[in-house]
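2 protein chains.
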Amino acid sequence: MSDNGKNPWIYRSVFIIATVAVFLLGLFLSSILERKSETYSLQMVKPIPDGEARNEVWGANFPREYETYMKTLDTDFASNHGGAKMIDYLEKYPELVVMWAGYGFSKDYNQGRGHAYAIEDIRNTLRTGGNEVSPMPATCWTCKSPDVPRVMEEIGVAEFYEGKWIDKGHDVVNPIGCQDCHDNETMALKISRPALVEAFERQGKDMSQFSRNEMRSLVCAQCHVEYYFKGDGKYLTFPWDKGFSADAMEEYYDEMEFKDWTHKLSKTPMLKAQHPDYELFMTGIHAKRGVSCADCHMPYKTEGGVKFTDHHIQSPLNNIENSCQVCHRENARTLIQDVYDRQDRLEELRRLTEKALAAAHLEAKMAWDNGATEEEMKPVLTLIRHAQWRWDWVAAANGLGFHAPVEALRVIGTSLDKAGKARKEIALILVKLGVDYPVKLPDISTKEKAQAVIGLDMDFLNKDKQDFLKTTAVEWDKKAKERQGTLMEYSK
Amino acid sequence: MSDNGKNPWIYRSVFIIATVAVFLLGLFLSSILERKSETYSLQMVKPIPDGEARNEVWGANFPREYETYMKTLDTDFASNHGGAKMIDYLEKYPELVVMWAGYGFSKDYNQGRGHAYAIEDIRNTLRTGGNEVSPMPATCWTCKSPDVPRVMEEIGVAEFYEGKWIDKGHDVVNPIGCQDCHDNETMALKISRPALVEAFERQGKDMSQFSRNEMRSLVCAQCHVEYYFKGDGKYLTFPWDKGFSADAMEEYYDEMEFKDWTHKLSKTPMLKAQHPDYELFMTGIHAKRGVSCADCHMPYKTEGGVKFTDHHIQSPLNNIENSCQVCHRENARTLIQDVYDRQDRLEELRRLTEKALAAAHLEAKMAWDNGATEEEMKPVLTLIRHAQWRWDWVAAANGLGFHAPVEALRVIGTSLDKAGKARKEIALILVKLGVDYPVKLPDISTKEKAQAVIGLDMDFLNKDKQDFLKTTAVEWDKKAKERQGTLMEYSK
């Protein structure tokens, strides 16, 4: 019976030991499962001075973000598009050359690359010209580099936009990076470009009232939007005062009688949509459900227990597991096919529209050549202007319409309708002028043929660009290195 | 120390009592939470004979299914559309009258009502005519009643389709109901109509291989599909041999040079889409994710512990909690708005298309009247045929495009394009014929005006219908009552 007498003590001891063991196990588990938060990294190796544009300097403090950012150099188009090269859109869709006759995009329009290529690519494109001809305003630099806020600070915003693109290249050398979206002390998301702030101010909205989740889209909306260069000072402005939709912006531009250029063939006062990614996205279901740009393009990642934002900004289709599959419990192949299904349907209407618009410009030229009057042509040009604007609002946006497929299809549908109506009116004018219809249109079946049709001197443009790259661009890098001490080479 | 000696017994007793208590609690909970399955109800009050078309006889055994089925009489359009009356589509969109000139739908086209109205509504519509003029074949009865399988069994399928609609009305009196989708002994879902089986057989598919979930859509696909009346025997046939899409069916019809009618104004060999709900649905994301028609239109319901399928077939928007919200964790208002957002965008393009098509028919008539030749008009008529078919493929389907918004917008986009192209060609023909363009089109701004334009004698049609309802329809009910013993009155 003495054993029985000891039992309560045994029970109690087992209980106490078990409790302590479980407590320790909890501590241990908590320790090995700990996800160090992003702010953990704020113990900087070296403080970042205000205005520091060199991404590698920031990178010394934030190696994970920097390493992933540098992967934007590895943009591998092969994974989605069956080839390792940038798509030459003018080669793939030669109608675009005609649609942009008289405008830079008819010279050169390649698929975009990662942010780290921003400086290299804007220097390389034929659109920015060479030493002899420099057609673009300095405003074009605005979205290309974290040097921009510094220069704006130094010389003033309006002054930054003024003058030629070629005059400011020595001051803008680091590709899109850290300082464009982050505060150098707190790392908080911040808006570094005035145009977005000004657009919201005109609507009575205060940027500081936006939530962190909204900011995860708005830092992108500094650049991934529709904008135009206002007045002689080419002041960068967002046409948002009447709303985000294609229709609202069209009305805005019409009211102020704005045009980006006059079409070389049809003489239409044209609008060029930039890349209204944010606006199109905002009309779609992902935006409605509170998804931000970063949720899909910069999803969270964990490395050695540290959770951080993946700065390899890319197509979510290259990273389905961390983007789509966070919410959509379907296999990757199914999800990718779902995206393609939407994009393919949009592409069908988009191609019909491109063919109709190219024909409309060519036929309009024939009408002018055969003596059509301004009065006859005015309604036609309005139709072409609106049709191409709406097409471009969809086509220029990244994601091939996926950011809001239903709205993209609606807008491209109205574009196709207007392009067809324009062609009908031109046909009637041509017949009235005694021209046989259908007219024989020139061969625009390749980029080269189309560029010849619109009278581009490609040899000169290419030579001028090469001269520029060998002289001016080299000079810019030299000056920049002197100014900032080091200059990283991004291209390989 | 004697207390300590008893302790082990106390521990054991507490343990045993607790265990038993928990076990009993489990039994109790299981009992009060039990959901009696649907098969529970298979203990029938009275066996249902093979061929029993009276829904109320089935209803005696399945009161829950029957009661909810009877709610299809209460279709309350007010909830979605701001009015308690069926929408008169010809009144709302008078262009339709012109688009269907020479075809029954130009006489009368109201919003559909619940299944329990099937017999009343097919008798009432002006499309089926009256005593003097009975334009429709008997085939039109096929989807209206569970009497159909019985009559087909009695006289043969081909024989059922043959002859006039007016000749078989006494045999088809019970509205769409139980026997259309269920086996009378096992209550299993079954296909009661030959056209669906035949369509799948031509594709080498065996109906018996479809899963129960697929059957929850396929019983609907017996009727909610595109079909046509083949040959002189008006044999009900689904045009699926090349695929489900608008494009594939268009190719199918073109190859066999099929037409539903010749347009009275434009002389176009027209196609009338019925209601390709199933086909459009199959191209959308819900079908891709394995959702069936019944999942949204007949969701499960629980009453007094019995789980059963809600047979109040209706718009899921009237029943968001049991349809959308089973998967989508958003509030009802948001979900409804999401549906409307898609439908509104489609409506915009659909209305543009309707206006273009009505104008095309009217302008084509002017071309004929002014001496256009068959050769000149042929390409125009092909464009009109295809444009209106594609429009109808989207417009005729229930759900205002929501069953697959992206595909619906693609198809309506190509329709709008073709309608515009047709108008361009007609304009050129008119100008060539010396007619001033734009021509002045007749006023079709109301249903009445449009019906006058296409030369319908509405007074005669209405009178003939009233005569029919007072004589033939009464006679039908009398004969049916004699045959089956009882005849339920559905209308109130």
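So the sequence lines, in the order shown, correspond to chains A and B. Read in my numbering, the first sequence has 460 at position 460, and its numbers run on one by one without any break. Read in my numbering, the second sequence has 1185 at position 185, and its numbers run on one by one without any break. Beta carbons: idealized from backbone N, C-alpha and C, even for Gly.
message: Can you list, in chain order, the residues of its chain with a C-beta nearer than 8 Å to that of B/Glu1095? Leave out the 5 residues immediately preceding and following it.
response: In the second sequence, residue 1095 of chain B corresponds to position 95, counting from 1. In the same chain as B/Glu1095, and ignoring 5 residues on each side of it, the C-beta atoms closer than 8 Å to its own belong to Glu1354, Lys1355, Leu1357, Ala1358, Ile1444 and Ala1450, in chain order.
task: Compute the distance between the beta-carbons of A/Ala480 and A/Val157, then report whether it is under 7 Å.
output: By 1-based counting over the first sequence, the position of residue 480 of chain A is 480. By 1-based counting over the first sequence, the position of residue 157 of chain A is 157. If you check the CB distance, A/Ala480 and A/Val157 do not come in under 7 Å.
message: Let's test the definition: count the other Cβ atoms within 10 Å of the Cβ of B/Thr1039 and tell me whether it reaches 16, buried, or not, exposed.
response: Along the second sequence, one-based indexing puts residue 1039 of chain B at 39. Here the model assigns B/Thr1039 a pLDDT of 48, short of 50, so the residue's position is not dependable, and the following value carries that caveat. Classification for B/Thr1039: exposed.
query: Grouping DSSP H, G and I as helix and E and B as strand, with all else coil, what is B/Pro1137?
result: Here residue 1137 of chain B refers to the residue found at position 137 when the second sequence is read from its first residue. For B/Pro1137, the secondary structure class from DSSP, reduced to helix, strand or coil, is strand.
- prompt: Mind pulling the chain A residues with CB within less than 8 Å of B/Ile1454?
  reply: To locate residue 1454 of chain B, count along the second sequence from 1; it is residue 454. Neighbours of B/Ile1454 on chain A: none; closest Cβ ~25 Å, over 8 Å.
message: According to DSSP, simplified to helix, strand and coil, what is B/Thr1237?
response: As a working note, residue 1237 of chain B is residue 237 in the second sequence. Correct three-state label for B/Thr1237: strand.
message: On the criterion of 16 or more Cβ atoms from any shown chain inside 10 Å, does B/Gly1129 qualify as buried, or is it exposed?
response: As a working note, residue 1129 of chain B is residue 129 in the second sequence. By the neighbour-count rule (16 or more Cβ atoms within 10 Å), B/Gly1129 is buried.
- request: Check whether the Cβ of B/Phe1028 lies closer than 6 Å to any heavy atom of the ligand SAM, and answer yes or no.
  value: In terms of ligand content, the structure shown is empty, and the ligand SAM therefore cannot be addressed.
query: So, are the CB atoms of A/Ala404 and A/Val394 less than 7 Å apart?
result: Residue mapping note: residue 404 of chain A aligns to position 404 of the first sequence, counting from 1. Residue mapping note: residue 394 of chain A aligns to position 394 of the first sequence, counting from 1. The Cβ atoms of A/Ala404 and A/Val394 do not sit closer than 7 Å to each other.
- request: Have a look at A/Asn7, A/Tyr340, A/Glu303 and A/Asn331 and flag the residue whose alpha-carbon is nearest the alpha-carbon of A/Ser315.
  value: Mapped onto the first sequence, residue 315 of chain A falls at position 315. Nearest C-alpha to A/Ser315: A/Tyr340.
query: Tell me the DSSP bridge mates of B/Thr1262?
result: In the second sequence, counting from the first residue as 1, residue 1262 of chain B sits at position 262. Paired residue(s): B/Pro1269.
field: Minimum Cβ-Cβ distance from B/Ala1427 to chain A less than 7 Å
entry: Working through the second sequence from its first residue, we reach residue 1427 of chain B at position 427. Chain A, which has a Cβ nearer than 7 Å to the Cβ of B/Ala1427, makes this yes.
- prompt: Which residues, in order along the stretch 1406 to 1421 of chain B, keep a beta-carbon less than 8 Å from a beta-carbon of chain A?
  reply: Val1406, Glu1407, Leu1409, Arg1410, Ile1412, Gly1413, Thr1414, Leu1416, Asp1417, Gly1420 and Lys1421
- prompt: Of all the CB atoms in chain A, is at least one closer than 7 Å to the CB of B/Lys1168?
  reply: Numbered from its first residue, the second sequence carries residue 1168 of chain B at position 168. No, because no Cβ of chain A sits closer than 7 Å to the Cβ of B/Lys1168.
task: Would you identify the three-state DSSP class for B/Phe1308, choosing helix, strand or coil?
output: Sequence index remark: in the second sequence, residue 1308 of chain B carries index 308 (1-based). B/Phe1308: strand per DSSP, three-state reduction.
field: For B/Asp1180, the three-state DSSP class (helix, strand or coil)
entry: For this step, residue 1180 of chain B is matched to residue 180 along the second sequence. It is helical.
task: Would you identify the three-state DSSP class for A/Glu91, choosing helix, strand or coil?
output: Here residue 91 of chain A refers to the residue found at position 91 of the first sequence. Here A/Glu91 sits in helix by DSSP.
task: Answer with yes or no whether the minimum CB distance from A/Val326 to chain B is below 7 Å.
output: As a working mapping, residue 326 of chain A is identified with position 326 in the first sequence. No - not a single Cβ of chain B is within 7 Å of the one on A/Val326.
query: Exposed or buried, what is B/His1081 when buried is set at 16 or more other beta-carbons lying within 10 Å of its beta-carbon?
result: By 1-based counting over the second sequence, the position of residue 1081 of chain B is 81. Low confidence applies to B/His1081: its pLDDT is 44, below 50, so where it sits in the model is not reliable, and the reading given next is rough at best. Result: exposed.
message: If distances are taken between C-alpha atoms only, which option among A/Lys447, A/Lys470 and A/Asp464 comes closest to A/Tyr109?
response: If you number the first sequence from 1, residue 109 of chain A lands on position 109. Among A/Lys447, A/Lys470 and A/Asp464, the Cα nearest to that of A/Tyr109 belongs to A/Lys447.
- prompt: Nearest-angstrom Cα distance between B/Asn1131 and B/Trp1165?
  reply: The residue given as residue 1131 of chain B occupies position 131 in the second sequence. The residue given as residue 1165 of chain B occupies position 165 in the second sequence. One C-alpha to the other measures close to 11 Å.
message: Strictly below 8 Å CB to CB, what residues from chain A border B/Val1431?
response: For the purposes of this step, residue 1431 of chain B is identified with residue 431 of the second sequence, where counting begins at 1. Simply Leu428, Val431 and Lys432.
- prompt: For the stretch 1375 to 1399 of chain B, which residues have a CB atom closer than 7 Å to at least one CB atom of chain A, in sequence order?
  reply: none
- request: Name, please, each residue of chain B whose Cβ falls closer than 9 Å to the Cβ of A/Leu349.
  value: For this step, residue 349 of chain A is matched to residue 349 along the first sequence. Those within 9 Å of A/Leu349 in chain B are Leu1409, Arg1410, Gly1413, Thr1414 and Asp1417.
Nearest-angstrom beta carbon gap, B/Asp1295 and B/Arg1216 [assumed within contact, 8 Å]: For the purposes of this step, residue 1216 of chain B is taken as the residue at position 216 of the second sequence. For the purposes of this step, residue 1295 of chain B is taken as the residue at position 295 of the second sequence. 7 Å between Cβ atoms; contact.
query: What does A/Arg342 touch in chain B if you count any residue whose Cβ is under 8 Å from its own?
result: Indexing the first sequence from 1 puts residue 342 of chain A at position 342. Within chain B, the residues near A/Arg342 are Val1406.
query: Is the shortest distance between the beta-carbon of A/Arg329 and the beta-carbons of chain B less than 7 Å?
result: Residue numbering aside, residue 329 of chain A sits at position 329 when the first sequence is read from its first letter. Taking a beta-carbon distance threshold of 7 Å, A/Arg329 does not count as an interface residue toward chain B.
- prompt: Does the beta carbon of B/Arg1012 come closer than 7 Å to any beta carbon on chain A?
  reply: One-based indexing of the second sequence puts residue 1012 of chain B at position 12. Not an interface residue.
- prompt: Do you know offhand how far B/Glu1257's Cα is from B/Val1431's?
  reply: To locate residue 1257 of chain B, count along the second sequence from 1; it is residue 257. To locate residue 1431 of chain B, count along the second sequence from 1; it is residue 431. When rounded, the distance between both Cα atoms is 30 Å.
Amino acids of chain B, ordered along the chain, whose beta-carbon sits closer than 9 Å to that of A/Tyr93: Here residue 93 of chain A corresponds to residue number 93 of the first sequence, with the count starting at 1. Residues of chain B passing the Cβ test: none, with the nearest at roughly 18 Å.
message: Would B/Leu1189 pass as an interface residue toward chain A - the criterion being a Cβ-Cβ separation below 7 Å?
response: To locate residue 1189 of chain B, count along the second sequence from 1; it is residue 189. Not closer than 7 Å to any Cβ of chain A, the Cβ of B/Leu1189 fails to qualify, so no.
field: Proximity of B/Ala1360 and B/Arg1423 at Cβ, strictly below 7 Å
entry: Counting from one through the second sequence, the residue named residue 1360 of chain B turns up at place 360. Counting from one through the second sequence, the residue named residue 1423 of chain B turns up at place 423. In contact: B/Ala1360 and B/Arg1423 (Cβ atoms closer than 7 Å).
task: Measure the beta-carbon distance from A/Arg390 to A/Thr268 and round it to whole angstroms, keeping in mind my assumption that it falls under 8 Å.
output: Indexing the first sequence from 1 puts residue 390 of chain A at position 390. Indexing the first sequence from 1 puts residue 268 of chain A at position 268. Actually they are not in contact, since the Cβ atoms of A/Arg390 and A/Thr268 sit about 14 Å apart, beyond 8 Å.
- prompt: Using Cβ-Cβ distances below 9 Å, what residues of the stretch 1264 to 1296 of chain B are close to chain A?
  reply: Thr1283, Ile1285, Lys1288 and Arg1289
task: Just the C-alpha distance for A/Ser79 and A/Asn318, rounded to the nearest angstrom, thanks.
output: As a working mapping, residue 79 of chain A is identified with position 79 in the first sequence. As a working mapping, residue 318 of chain A is identified with position 318 in the first sequence. Bear in mind that the predicted position of A/Ser79 carries a pLDDT of just 44, short of 50, making it unreliable; the figure below should be weighed with that in mind. Whole-angstrom Cα-Cα distance: 7 Å.
message: Quick check: the Cα distance between A/Phe62 and A/Tyr490, rounded to an integer number of angstroms?
response: Here residue 62 of chain A is taken as the residue at index 62 of the first sequence, counted from 1. Here residue 490 of chain A is taken as the residue at index 490 of the first sequence, counted from 1. Distance between the alpha carbons of A/Phe62 and A/Tyr490: 18 Å.
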